[in-house]
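Asks: Numbering (our numbering), first residue to last: 6 to 96.
No residue lacks a Cβ here, since even glycine has one placed at the ideal position from N, Cα and C.
My questions will all concern the structure given below.
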């Protein structure tokens with residue numbers, strides 16, 4: 006049985022300091038507003054979540070990943086030609 010996070014007998018159990026949150030029984034986390042805005046996130050952003058060690062996660066906005074790796078392959082156009090040739094085969 007999952008232990009409840011909220012302690013009904015202790016009102017201090019609800020208090021959290023700035024930048025602090027809790028993980029729900031459904032593994033959900035609310036990102037504090039300061040961290041959310043400082044990271045440049047917006048509602049609806051798609052993010053990738055990676056564990057980088059015990060107790061540490063990194064959230065990366067998907068389009069930031071695309072920008073990071075955009076242009077990483079230098080094929081001189083050969084890759085585009087190969088993909089277009091494959092498309093022609095299936096047409």
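1. Distance check for residue 32 and residue 45, CA to CA, integer angstroms please.
2. Do the CB positions of residue 35 and residue 26 come within less than 8 Å of each other?
3. Would you list the residues sitting across from residue 65 in a DSSP beta bridge?
4. What residue does the alpha helix (DSSP H) around residue 42 start on, and which one ends it?
5. Can the beta-carbon of residue 52 be found less than 8 Å from the beta-carbon of residue 62?
6. Tell me whether residue 6 is buried or exposed, calling it buried when 16 or more other Cβ atoms sit within 10 Å of its Cβ.
Replies: According to the structure shown:
1. 23 Å
2. yes
3. 53
4. 38–43
5. no
6. Below a pLDDT of 50, predicted positions are generally treated as unreliable, and residue 6, at 49, falls in that range; the measurement from the model is reported next regardless. Looking at its Cβ environment, which holds fewer than 16 other Cβ atoms inside 10 Å, residue 6 is exposed.
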